[in-house]
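S.K.: So that you can map any letter, position 110 of the sequence shown is 106 in my numbering, and since no number is skipped, the others follow by simple counting.
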Amino acid sequence: MVAQLLRATSLESLEDIDAYVGAIESIVAELLARHVDNESRGAVRAAYKAGIAAGLYGANSEAEVDVEPDMVEDGRSSALLEVITHEGWEHGRTILHWVMLRYAKGALSNPGVSQSMEFRDAANDFL
């Protein structure tokens, strides 16, 4: 899904990536709202956001998520959080890979210093 959306985008700078990630998170939040109960929804959204951030900016390890204590007591809920976090991480890695390929081809302009540091660190971990 994310790879297909990336192919359809016209991102020209790395600053656009944050807006793109925000749009992906909104889409995922809508999907989760349709399939996850109200009590679990906040923790599941947090798990996805932590996963995508770890995949995009973090090292090669997956994100750990701060969850509500009630969620962890239920084995199914804990498993759901792990799956959602992993999927977020996969989405983040897909975006990072796409960004690095576009940047290497000169198809993406350089961001400001603060963002480029995060992407440089992520690129070093990725490559």
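Where a beta carbon is used, it is the ideal one built from N, C-alpha and C, also for glycine.
Put LYS101 into one of helix, strand or coil per three-state DSSP.
M.R.: coil
S.K.: GLU26 to ALA43, Cα distance in whole Å?
M.R.: 15 Å
S.K.: State the Cα-Cα distance for the pair HIS31 and ALA75, rounded to the nearest angstrom.
M.R.: 15 Å
S.K.: Use the C-beta contact count for LYS45: other C-beta atoms within 10 angstroms, 16 or more gives buried, fewer gives exposed.
M.R.: buried
S.K.: Give the straight-line distance between the Cα atoms of VAL17 and ILE48, rounded to the nearest whole angstrom.
M.R.: Cα to Cα, the separation comes out at about 8 Å.
S.K.: Which of helix, strand or coil does DSSP assign to ASP12?
M.R.: helix
S.K.: Using the rule of at least 16 other Cβ atoms within 10 Å of the residue's Cβ for burial, across every protein chain shown, is SER36 buried or exposed?
M.R.: buried
S.K.: Is DSSP giving VAL24 helix, strand or coil here?
M.R.: The DSSP-derived three-state label of VAL24 is helix.
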